[in-house]
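A short worksheet on the structure shown next.
Residue numbers (my numbering): 346 to 796.
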């Protein structure tokens, strides 16, 4: 077993050394231990908090699945709540909610997380429930049959939400014929093929010690967590971390997808292929996203909503994976304003790729991103998520100060170059869910102005 401690404190680049702030040092104190079987334990001691948040992370998600396995990770996420040898599904929820806490989980493209939060003195109870779910779930055939129908209903509910549907359509268009382009919950056909034998095999192959990370944040100590988890380590199966199908970002012409649905307005999602989570340009893109559409002071919100009043909801978002990423822009607009909105989005992207933003605008965007980062880390759940994502995505704890300092150092020129690189990389895609049966303008030609 080996372990080390990381203490993080950020300051502005070039600023003189500051007098240490004991409270801040404590807040950013994190510890990491890897057990001999590969199981990883990370904690952030937050003694000023009344709660503890505990997460069990697995480095597997929808992009690790074959076409026949599509939806397996999400299916297993559901099944771990359906009962163990010691607890029924109801007893699992009561065991945490009866403490005044809550229990939840989610599946992404590249990881799955199960987490619970309660008063700090209830940490042993939270760990007992999560470990019971993780190590002793029944995978009972009747539960699988029922939960398959529940997931189909979940998927059907998403299909009724144009905002969700346009995101799914954009992913298919950005990442054609690749697992990243599939819905995380799978398809009705793939779900029908996921029987107990296939789900159990997927679980045994991927839910192994070397691919599992246990993260706790709040009013606990690292020694307390390591001691308790170490006693359970022998129950985790051993095996290598799984691999996934890589994404080759070949240049491609702009693509437009239109899905006709009865609706009051058109939902649009414009996506650009971006960089991976390991690329240094990710910091510039993070600030670019704040400039472009992440907040109310962003360019798109001000241009489309405040100045022209032609959209209620307009925003942008970044996604990053091990080998690729994307920058996406979303808006809901009336049919007769659609072309104008797309033109304005294209104009803003072109300006960001060809002209440096002002120092004042960049400084405000940087401060927004760093401020949101700091505010999130005040909570035990968000702090747990931060640590878990670092472990799953990077295999180590990335110092908070390193991230803050790199964001604070982003320059207007870096933002311009990062945006230009995204536009020149090809793969620009536009997805539309609309009552229109045909677009009254050439959307492909509009997107072509970006390349």
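Ideal placement from N, C-alpha and C gives every residue a C-beta, glycine not left out.
Residue i versus residue j: straight-line alpha-carbon distance, rounded
i: residue 808; j: residue 382; result: There is simply no residue 808 to check, as the chain begins at 346 and stops at 796 in what is shown.
i: residue 364; j: residue 730; result: In this prediction, residue 364 scores a pLDDT of 37, lower than 50, which makes its location untrustworthy; the coordinate-derived value is nonetheless stated afterwards. If I take the Cα positions, the gap works out to 29 Å.
i: residue 741; j: residue 568; result: 19 Å
i: residue 760; j: residue 718; result: 19 Å
i: residue 785; j: residue 684; result: 9 Å
i: residue 536; j: residue 751; result: 43 Å
i: residue 461; j: residue 544; result: 24 Å
i: residue 540; j: residue 570; result: 36 Å
i: residue 466; j: residue 446; result: 12 Å
i: residue 739; j: residue 669; result: 14 Å
i: residue 493; j: residue 532; result: 11 Å
i: residue 655; j: residue 696; result: 20 Å
i: residue 690; j: residue 448; result: 40 Å
i: residue 774; j: residue 792; result: 8 Å
i: residue 505; j: residue 547; result: 30 Å
i: residue 674; j: residue 440; result: 41 Å
i: residue 353; j: residue 394; result: With a pLDDT of only 33 at residue 353, under 50, the local geometry of the prediction cannot be trusted, and the value read off the model is given with reservation. Approximately 19 Å, taken between the alpha carbons.
i: residue 481; j: residue 497; result: 25 Å
Environment of residue i [buried if 16+ CB atoms lie within 10 Å]
i: residue 411; result: exposed
i: residue 451; result: exposed
i: residue 641; result: exposed
i: residue 735; result: buried
i: residue 790; result: exposed
i: residue 639; result: buried
i: residue 728; result: buried
i: residue 753; result: buried
i: residue 704; result: exposed
i: residue 652; result: exposed
i: residue 593; result: exposed
i: residue 720; result: exposed
i: residue 556; result: buried
i: residue 500; result: buried
i: residue 407; result: buried
i: residue 595; result: exposed
i: residue 432; result: buried
Assumed close pair residue i, residue j - CB separation to whole angstroms, cut-off 8 Å
i: residue 612; j: residue 507; result: 4 Å
i: residue 454; j: residue 529; result: 7 Å
i: residue 605; j: residue 776; result: 13 Å between Cβ atoms; not a contact.
i: residue 706; j: residue 636; result: 7 Å
i: residue 672; j: residue 617; result: 5 Å
i: residue 732; j: residue 560; result: 5 Å
i: residue 763; j: residue 649; result: Wrong, their Cβ atoms sit about 23 Å apart, outside the cutoff.
i: residue 767; j: residue 542; result: Not confirmed; about 43 Å, so no contact.
i: residue 387; j: residue 628; result: That belief does not hold up - the Cβ atoms of residue 387 and residue 628 are roughly 23 Å apart, past 8 Å.
i: residue 428; j: residue 483; result: 5 Å
i: residue 375; j: residue 725; result: Between residue 725 and residue 375 the Cβ distance is about 13 Å, and since that is not below 8 Å, they are no contact.
Residue closest to residue i, alpha-carbon to alpha-carbon, out of the options
i: residue 310; options: 484, 699, 491 and 416; result: In the structure as shown, the chain starts at 346 and stops at 796, and residue 310 therefore has no counterpart that could be examined.
i: residue 645; options: 686, 556 and 745; result: 686
i: residue 524; options: 598, 589, 689 and 610; result: 589
i: residue 426; options: 693, 653, 405 and 458; result: 458
i: residue 747; options: 534, 625, 607 and 484; result: 625
i: residue 419; options: 393, 431, 456 and 707; result: 456
i: residue 513; options: 429, 575, 618 and 778; result: 778
i: residue 794; options: 389, 698 and 608; result: 698
i: residue 463; options: 440, 398, 642 and 737; result: 398
i: residue 782; options: 770, 743 and 680; result: 680
i: residue 584; options: 770, 767 and 403; result: 403
i: residue 599; options: 385, 788, 384 and 655; result: 788
i: residue 657; options: 668, 610, 700 and 688; result: 610
i: residue 401; options: 690, 767 and 737; result: 737
i: residue 615; options: 631, 490 and 688; result: 688
i: residue 563; options: 391, 376, 771 and 674; result: 391
i: residue 770; options: 757, 796 and 749; result: 796
i: residue 516; options: 538, 723, 469 and 601; result: 601
i: residue 676; options: 662, 406 and 389; result: 662
i: residue 487; options: 473, 504, 387 and 424; result: 424
i: residue 711; options: 772, 743 and 630; result: 630
i: residue 580; options: 490, 478, 502 and 667; result: 478
i: residue 389; options: 490, 744, 503 and 475; result: 744
Opposing strand residues paired with residue i [DSSP bridges]
i: residue 678; result: 611
i: residue 459; result: 401 and 450
i: residue 558; result: 385 and 402
i: residue 740; result: Partner(s): none; residue 740 has no beta bridge.
i: residue 624; result: The partner list for residue 624 (beta bridge, DSSP) is empty, contrary to what the question assumes.
i: residue 659; result: 676
i: residue 600; result: 774
i: residue 464; result: 396
i: residue 671; result: 618 and 664
i: residue 779; result: 605
i: residue 526; result: Answer is none; residue 526 lacks a bridge partner.
i: residue 429; result: 482
i: residue 733; result: Residue 733 pairs with nothing; no bridge assigned.
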